[in-house]
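Peer 1:
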Amino acid sequence: DRVIELNINDMKNTERHSSKGNQLKWNPANTETWYKADYIGYEGLTEYMVSHLLMHSTLSTEDFVLYDTEILRVGKKDYLGCKSSNFLPDGWQLLTLERLFHTLHGKSLYQSIFQFGDVEDRAQFLVDQVIQMTGLKDFGKYLCTLLTIDALFLNEDRHMHNIGVLLDPLGIYHYCPVFDNGCSLLSDTTTDYPLEEDIIDLIPQVQAKTLSTDFLEQLDAVEKLYGQKLHFDFNGQIIETLLKEEKFYSTDIKIRVRDIILQQRRSYQYLFS
183 DRVIELNIND
193 MKNTERHSSK
203 GNQLKWNPAN
213 TETWYKADYI
223 GYEGLTEYMV
233 SHLLMHSTLS
243 TEDFVLYDTE
253 ILRVGKKDYL
263 GCKSSNFLPD
273 GWQLLTLERL
283 FHTLHGKSLY
293 QSIFQFGDVE
303 DRAQFLVDQV
313 IQMTGLKDFG
323 KYLCTLLTID
333 ALFLNEDRHM
343 HNIGVLLDPL
353 GIYHYCPVFD
363 NGCSLLSDTT
373 TDYPLEEDII
383 DLIPQVQAKT
393 LSTDFLEQLD
403 AVEKLYGQKL
413 HFDFNGQIIE
423 TLLKEEKFYS
433 TDIKIRVRDI
443 ILQQRRSYQY
453 LFS
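Now the structure itself:
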């Protein structure tokens, strides 16, 4: 299998606000491809699995970024990781909600959201603020899609620095495709979710970061406000096929990922047609 040769000087520094999101990233010579190296576990496999399972959902292929796994060589060191196409057209900007809100109001969006005690009130405040800032009238439905994906795949890194919108050169805002799901599926084997521990014990420990620490609580809130818009149709055979087609990760990690997805599928059976 080929190895992707990358130069340390091409590494991109991105503003991150989570210790679990500090993966090394490259966009060599501003090409159309981004590469990310694993940092705390098997993030590359997670990106691959989540994005390919989104192919088996009611989202269109334009609604999310597709990832594939790679071996990345930087100097004399090899990393497991993934690659994706650059979804940002020339002249467009990706702006996080936290940055946008702070620029306009001079204070933290995240702190402003958590001034509300009720999760539905937090969701309503967030959606209202984004609509006022961007004019994206269906942001509530978009948020519901994000939180559905997060609940099903246990993404613990969806905070306000990790939800973004796109701004084109004419000053018009657009929805951002779903990307950066590497902190899902208990991928952090270095600190919080060691491989030798039982996933049944680990899954309840995972906390959300958007509107609540409880995935189901925040998903219930946005479903009540904006309706359930995302459904899936993948089964165990599709999961097995995707893992078999992946070339680089070890069998024990693949077995764990399979078991997590199957367990989550059982927990969120209502999302499946």
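Numbering (the working numbering), first residue to last: 183 to 455.
For glycine and all other residues, C-beta sits at the position ideal for the given N, C-alpha and C.
1. Residue range of the beta strand (DSSP E) that residue 419 falls in?
2. Assess, as a yes-or-no matter, whether the region 275–291 is touched by the region 382–399 under the definition of 3 or more beta carbon pairs within less than 8 Å.
3. Can you list, in chain order, the residues of its chain whose CB lies under 7 Å from that of residue 394, leaving out five sequence neighbours each side?
4. Taking 8 Å as the cut-off, does the region 255–263 touch the region 310–326 (at least 3 CB pairs, one atom from each stretch)?
5. Relative to the alpha-carbon of residue 208, which residue among 243, 229, 425, 263 has its alpha-carbon at the smallest distance?
6. Please state whether the Cβ-Cβ distance between residue 360 and residue 246 is less than 7 Å.
7. Could you spell out where the alpha helix (DSSP H) holding residue 447 opens and where it closes?
8. My guess is that residue 280 and residue 343 are in contact by the Cβ rule of under 8 Å, so how many angstroms apart are they, rounded?
9. Apart from the five residues just before and just after residue 405, which ones in its own chain have a Cβ nearer than 7 Å to its Cβ?
10. Pair every Cβ in the region 329–336 with every Cβ in the region 416–423, then say whether three or more of these pairs are closer than 8 Å.
11. Would you decide whether residue 211 is buried or exposed? Buried here means 16 or more other CB atoms lie within 10 Å of its CB.
12. Using a 10 Å radius around the Cβ and a threshold of 16 neighbouring Cβ atoms, would you call residue 275 buried or exposed?
13. Between residue 442 and residue 377, is the Cβ-Cβ spacing less than 7 Å?
14. By the 10 Å Cβ neighbour count, where 16 or more other Cβ atoms means buried, how is residue 317 classified, buried or exposed?
15. I believe residue 407 touches residue 305 by the beta-carbon criterion, under 8 Å. Please report the beta-carbon distance rounded to the nearest angstrom.
16. What is the rounded straight-line gap between the Cα of residue 362 and the Cα of residue 267?
17. Under the three-state reduction of DSSP, which class applies to residue 406: helix, strand or coil?
18. Beta-carbon within less than 6 Å of residue 234's beta-carbon, same chain only, minus the 5 sequence neighbours each way: which residues are those?
19. Compare the beta carbon distance of residue 261 and residue 229 with 7 Å and say whether it is the shorter of the two.
20. Using CA atoms only, rank isn't needed, just tell me which of 451, 450, 439, 453 is closest to residue 226.
21. Could you name the residues of the same chain whose beta carbon sits closer than 8 Å to that of residue 307, not counting the 5 residues immediately before and after it, in chain order?
22. Do residue 369 and residue 224 have their C-beta atoms closer together than 7 Å?
Peer 2: By the coordinates alone:
1. Where residue 419 is concerned, there is no enclosing beta strand (DSSP E), although the alpha helix (DSSP H) it sits in stretches over 418–427.
2. no
3. 301, 400
4. no
5. 263
6. yes
7. 433–449
8. 5 Å
9. 326
10. no
11. exposed
12. exposed
13. no
14. exposed
15. 6 Å
16. 12 Å
17. helix
18. 424
19. no
20. 439
21. 294, 295, 298
22. yes
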